[in-house]
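Here this note's numbering is used: position 24 in the sequence shown is 38, and no number is missing along the way.
Glycine included, each C-beta is placed from N, C-alpha and C at the ideal position.
Let me begin by presenting the structure, written as structure tokens, before commenting on it.
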Amino acid sequence: MDITDVQINLHAGGKLRAFASVTLSDAIVIRGIKVIEGARRTFIAMPTRHDGKKQTDVCHPTNQAARDELEKAVLDEFERTLRRGNGRPRDAGSEGFPNNPPT
């Protein structure tokens with residue numbers, strides 16, 4: 015898997031710390047990946063869709079190696095964003111995407 019870009023949008027408050035967009039091979043973008051502060055560690059959650067009754071993954075890694083690679087890339091960029099102090103926290107919209115995208 016070739017992860018060519020990771021964008022982080024910090025989220026204000028709660029266990030949800032940020033949203034990430036990941037570009038694969040400069041060809042496919044996955045938006046709406048959540049960075050969540052868990053009890054033991056920070057982890058990612060893949061984008062989901064709600065149909066009123068249940069929640070379903072929109073997309074997801076098909077094996078543990080791909081999940082580990084994706085999580086490492088997102089969490090590394092999340093930490094870099096926090097250290098740089100950029101990517102001010104934003105409020106999330108109902109679809110889990112920032113309401114006020116960067117200009």
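| query | If you compare alpha carbons, which of L89, A34, L84 is closest to K55? | reply | The residue asked about is misnamed: residue 55 is Arg in this sequence, not Lys. When each option's Cα is compared against that of R55, the closest is L89.
| message | Measuring CB atoms only, is the segment 21 to 37 touching the segment 65 to 73, in the sense that at least three cross pairs come out at less than 8 Å? | response | The segment 21 to 37, when compared against the segment 65 to 73, does not touch it at the 8 Å Cβ threshold.
| task | Classify K29 as buried or exposed, calling it buried when 16 or more other Cβ atoms lie within 10 Å of its own Cβ. | result | Burial call: exposed.
| task | Work out the CA separation of M60 and C73 for me, nearest whole Å. | result | C73 and M60: Cα-Cα distance of roughly 7 Å.
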